[in-house]
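Taking it in order: structure first as structure tokens, then the write-up.
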Amino acid sequence: MKKLLALLLALLLLCSCGVEEESIIEEPQSEAEISSEEEILEESQKEPENELGEGSRVLEGCVFKSADEKYGIQKDGKIVFEPVYDVFKTVGEIGERTIYALGKTEGTMPAIAYDDDSRVSGIGERERTLYEFFFEDGNLILSIPADSYHFERNIGFKPGTKAWLYISLEGNQYVYEFNTDGEIVSDEFTSKGKTGDSFNDYVHGYEKVCYYYGPTDMEKGLGLVDSEGNEIVPAVYTYIHSSFEGRIVAGRSEGGLFGGTARILDGEGNIICDKYHRIDFDELPDGRFIGIAYCAGEMSQLATVCRDENGEVMKGGYRFIDKDGNELSEVFASEKDGFIIRKAGITEGETTITAVYEDGSEKEINIYDYAFEP
């Protein structure tokens, strides 16, 4: 029996020695496989795409600032709008809600230009910033940006306080009205270009045009174009009208009713008088006209300065003028009865005014002495 077991063990050892061991050879990885593994490792080490990166900090409400000094919108630490904005401003509050404006600075836009005397000189340009508006919860308020804006809130005591956001974009004006919950309840749009208002019969074929250099009507510019759209008067004035054929009065109010620039133009839009703050022409009952021009004077606090043809500062006060702006009378400080010639027009019984001069003296003036045919 022992011999039989020994024989079987010997046979098994002989069989195992005759079988070759199968070798395991590992093939080298390809460059693509190595690169893929490296990318996976790098991605695993990155911040999640929608989370604030290193160096970012929340400034106010939903607004944050990135490490490279750009502004963005976040909510609960997650990026909602990428930090691509150059400017951040707090616009105002509606009820319990706050409006923020984030702006991107890009290129230039038209702007009203002024000369050294702060009188309007034409159309220039300024840096352009395009703003977008957000509530404190990160929600975008408007579907369009704005190149300027003005926020106005009703601070009266009555309930239902409202607010308005005025914006301009490429010369157009948009006005949005909000209720106390921050919901837009109405909106208005005013297009640049032709206003649809007829100029008048004295200057045939001209139409008024407007351009919003800023969000409010105070920043609107009015001008004139002919029937073919050619510019006759640049759109830089706040008022423009004609009292009789061949003359146009165009002006830009700055610092009140009697401040700013007032000009007399001919029927082709050429400037023929540019030395007053205010010009008015009034028709008399007999069909003739009188002109009254005003200058604030050298000691005025107005920024705009009026000069005569020799560059000298114009004397402050009122004077009668002709249709070309030439002075017809002495300069007087005021009119005792409140300028009846400019309040409600001249009637048959009104022929004189009482002029008050700088020294306090008074003089009765027959206004018909300064009347002219247009």
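In the numbering used here, the protein residues as written are 665 to 1038. Quick reminder that beta carbons are idealized off the backbone N, C-alpha and C, glycines included.
Going by DSSP, which residues form a beta bridge with Leu806?
-> DSSP lists no partner for Leu806.
Buried or exposed by the 16-neighbour rule on C-beta atoms within 10 Å, applied to Ser906 | buried
Pull up the distance between the alpha-carbon of Cys959 and that of Asp1033, whole angstroms please.
-> 22 Å
The beta strand (DSSP E) enclosing Ala960, as first and last residue numbers | No beta strand (DSSP E) holds Ala960; DSSP gives it neither H nor E.
Hey, is the region 872 to 881 in contact with the region 796 to 803, meaning 3+ C-beta pairs nearer than 8 Å?
-> no
Out of Leu806, Leu833 and Asn990, which has the shortest C-alpha to C-alpha gap to Tyr846?
-> Note that residue 846 corresponds to Gly in the displayed sequence, not to Tyr. Minimum Cα distance to Gly846 is reached at Leu806.
Residues near Ala899 by beta carbon distance below 7 Å, same chain, minus five either side | Val873, Cys874, Tyr875, Gly885, Leu886 and Gly887
Beta strand (DSSP E) segment containing Cys970, residue limits | From DSSP, Cys970 is part of no beta strand (DSSP E); its letter is neither H nor E.
Could you tell me which residues DSSP pairs with Ile787 in its beta bridges?
-> Ile776
Cβ contact (3+ pairs, closer than 8 Å) linking the region 943 to 960 and the region 809 to 819 = no
Buried or exposed (CB count within 10 angstroms, at least 16 for buried), Ile688 | Low per-residue confidence applies at Ile688: pLDDT is 39, beneath 50, and the placement is therefore not dependable enough to give any value.
Going by alpha carbons, who is nearest to Glu909 out of Lys739, Asp750, Glu1037 and Ile743?
-> Of the candidates Lys739, Asp750, Glu1037 and Ile743, the one whose C-alpha sits nearest the C-alpha of Glu909 is Glu1037.
Assigned exposure category for Tyr903 - 16 Cβ within 10 Å defines buried = Exposed, since its Cβ has fewer than 16 Cβ neighbours within 10 Å.
Residue ranges of each beta strand (DSSP E) within the region 857 to 920, 3 or longer = 857 to 862, 871 to 876, 884 to 889, 895 to 901, 903 to 908 and 911 to 917
Does the Cβ-Cβ distance between Gly955 and Phe984 come in under 8 Å?
-> yes
Compute the Euclidean distance between the alpha carbons of Ala775 and Tyr830, then round it to the nearest angstrom.
-> 18 Å
Would you call the region 774 to 794 and the region 840 to 858 in contact, with 3 or more CB pairs under 8 Å?
-> Verdict: no, contact absent.
Option in Gly771, Glu789 and Gly767 with minimal Cα separation from Ile808 = Gly767
Helix, strand or coil for Tyr1034 per DSSP?
-> Of the three classes helix, strand and coil, the one that applies to Tyr1034 here is helix, per DSSP.
Spatial neighbours of Gly980 in its chain, beta-carbon cut-off 6 Å, leaving aside the 5 residues before and after | Cys959, Ala960 and Gly961
Thinking just about the alpha-carbon of each residue, which of Met978, Asp946 and Phe853 is nearest to the one in Glu1014?
-> Asp946
3-residue-minimum beta strand (DSSP E) runs that sit fully inside the region 704 to 773, ordered along the chain | 721 to 724, 727 to 729, 735 to 739, 742 to 749 and 751 to 758
For Arg936: DSSP bridge partner residues | Going by the sequence as given, residue 936 is Ile instead of Arg. None, per the DSSP bridge assignment.
Just the Cα atoms here: how many angstroms apart are Met773 and Met882?
-> 18 Å
According to DSSP, which residues form a beta bridge with Ser832?
-> Ser812 and Gln837
Do Arg916 and Tyr901 have their C-beta atoms within less than 8 Å of each other?
-> yes
Exposed or buried, which one is Phe797 when buried takes at least 16 other CB atoms within 10 Å?
-> buried
Candidates Asn934, Glu834, Lys826 and Arg792: closest to Arg911 by CA position | Arg911 has its Cα closest to that of Asn934, out of Asn934, Glu834, Lys826 and Arg792.
Could you say which of Glu994, Leu716, Trp828 and Glu757 lies nearest to Ile737 if we only look at CA atoms?
-> Leu716
Separation of Asp986 from Ile1017, as counted between CA atoms | 18 Å
Rounded to whole angstroms, what's the CA-CA distance from Phe853 to Arg927? Just pull it up for me.
-> The C-alpha of Arg927 is placed about 30 Å away from the C-alpha of Phe853.
Reduced DSSP category for Lys1027 - H, G, I as helix; E, B as strand; rest coil = strand
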